[in-house]
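Chemist: One structure follows; several queries about it will come next.
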Amino acid sequence: MPKHTNLRIAITGANGFVAKNVRNYLHNKGIELIGIARTNFQNYKSEIKLISSEFKEQNLLSKLKTCNALIHLIGSGRQSSYADYESVNVEITTKIVELCKKAKIKKIVYISGLGVSKDSTLGYFISKFKAEQQIIKSGLDYTIFRSSYIIGNGDPLTKNLNRQIKKGLIIIPGSGKYNIQPIFVNDVANVIWKAVISKKFSNKILDLVGPEKVSFNEFVKVFNNKSKTKIQNIDLEKVYYKALHNSDSEYGPDDLSILVGDFAGNYKKLKNLAGFEFRKYREVLHSSSVS
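So the sequence shown is residues 282 to 572, counted in the working numbering.
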């Protein structure tokens with residue numbers, strides 16, 4: 282791998298929440314970037330912008346030949362008649378892997394989901410596992426991160442809770458006693474950077490989790506500290522029914538399955554490899570990093 286200042290890194294899904302933060306982090310380090318997205322996005326002056334809805338080889342290959350690594354951040358957490366898990370999470374990953382091989386990009390970093398395994402039965406997890414397998418079998422140097430909830434300014438979970446606050450009621454599906462293990466997006470950007478430059482991360486699947494497990498009840502309580510909005514636990518069956526029959530529901534069907542899944546990850550292993558302490562969720566929620 283060349284010296285850090287001579288690196289050029291491509292990032293797919295450039296207009297997504299995680300990608301925006303990773304691009305900002307790498308831009309501040311002086312890394313040359315190629316941002317790739319299916320729709321238009323605001324790029325840095327020094328960043329090459331590539332818009333490609335179908336990721337056709339002829340539109341991307343010549344630009345990607347100069348890259349040392351690719352960070353693949355395209356993914357879908359909700360299905361619709363316009364975009365299903367197979368087409369977004371699996372088929373696009375297959376195209377990206379082929380582009381990497383033909384462009385002779387040696388390193389790929391991918392964010393999967395915490396709880397993904399060969400025994401997964403959830404459609405979202407199955408698609409992520411298939412995507413992981415495409416990367417593992419590619420022969421590329423890979424790092425796959427199985428991520429818990431990533432929190433920071435404008436993250437999906439925060440936006441969901443803020444929408445509920447505006448309506449005057451935060452709904453907690455079921456008991457709320459199930460745990461999540463949130464991780465700060467700046468820490469995610471830092472550890473992705475380390476995965477690109479450090480051989481310690483080569484050909485590994487790692488849990489991308491924060492230092493603390495917290496019940497969803499407690500997380501919402503801390504998040505809601507300033508607004509004092511009413512919080513209500515609602516029977517899980519009723520929330521699932523609404524999710525299945527109403528596209529405007531607070532939670533999608535797969536969102537619920539992931540949320541109540543009570544998935545936990547190995548933070549100690551991640552921290553030891555990364556070599557730094559990750560921020561605790563309370564510190565993040567109480568700072569200006571989440572809004």
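We put the beta carbon where it would ideally sit given N, CA and C, even for glycine.
1) Can you give me the C-alpha to C-alpha distance between aspartate 468 and lysine 337, rounded to a whole angstrom?
2) Decide if the segment 371-384 is in contact with the segment 449-466; the criterion is three or more beta carbon pairs, one per stretch, under 8 Å apart.
3) Taking all protein chains shown into account, decide if glutamate 328 is buried (16 or more other Cβ within 10 angstroms of its Cβ) or exposed.
4) Tell me the rounded alpha-carbon separation between glycine 435 and aspartate 422.
5) Would you check if the distance between the CB atom of histidine 353 and the CB atom of tyrosine 325 is smaller than 8 Å?
6) Suppose only complete runs of 4+ residues qualify. What are the alpha helix (DSSP H) ranges in the segment 333-378, listed by chain order?
7) Need the endpoints of the beta strand (DSSP E) that threonine 439 sits in, please.
8) Just checking my contact of serine 393 with arginine 427 at CB under 8 Å: how many whole Å lie between their CB atoms?
9) Taking the runs of the beta strand (DSSP E) that are 3 residues or longer, which of them lie wholly in the segment 454-532?
10) Return helix, strand or coil for isoleucine 417, following the three-state DSSP convention.
11) Kindly list the residues whose CB is nearer than 6 Å to the CB of lysine 475, restricted to its own chain and excluding five residues on each side of it in sequence; keep chain order.
12) Count the other CB atoms, across all protein chains shown, that sit within 10 Å of the CB of leucine 342; report buried if there are 16 or more and exposed otherwise.
13) Within the same chain, show all residues whose beta-carbon is closer than 8 Å to that of glutamine 265, passing over the 5 residues directly before and after it, in chain order.
14) Following the continuous beta strand (DSSP E) through alanine 291, name the residue where it begins and the one where it ends.
Modeler: Reading from the atomic positions:
1) 32 Å
2) no
3) The C-beta of glutamate 328 has 16 or more other C-beta atoms within 10 Å across all chains shown, which makes the residue buried.
4) Approximately 31 Å between the Cα atoms of the pair.
5) no
6) 338-345
7) Where threonine 439 is concerned, there is no enclosing beta strand (DSSP E), although the alpha helix (DSSP H) it sits in stretches over 437-448.
8) 5 Å
9) 485-489, 511-515
10) Assigned with DSSP and collapsed to three states, isoleucine 417 falls in helix.
11) Ala555
12) The residue in question, leucine 342, is exposed, as its Cβ has fewer than 16 Cβ neighbours within 10 Å.
13) Limits of the chain in this structure are 282 at one end and 572 at the other, which puts residue 265 out of reach.
14) 289-293
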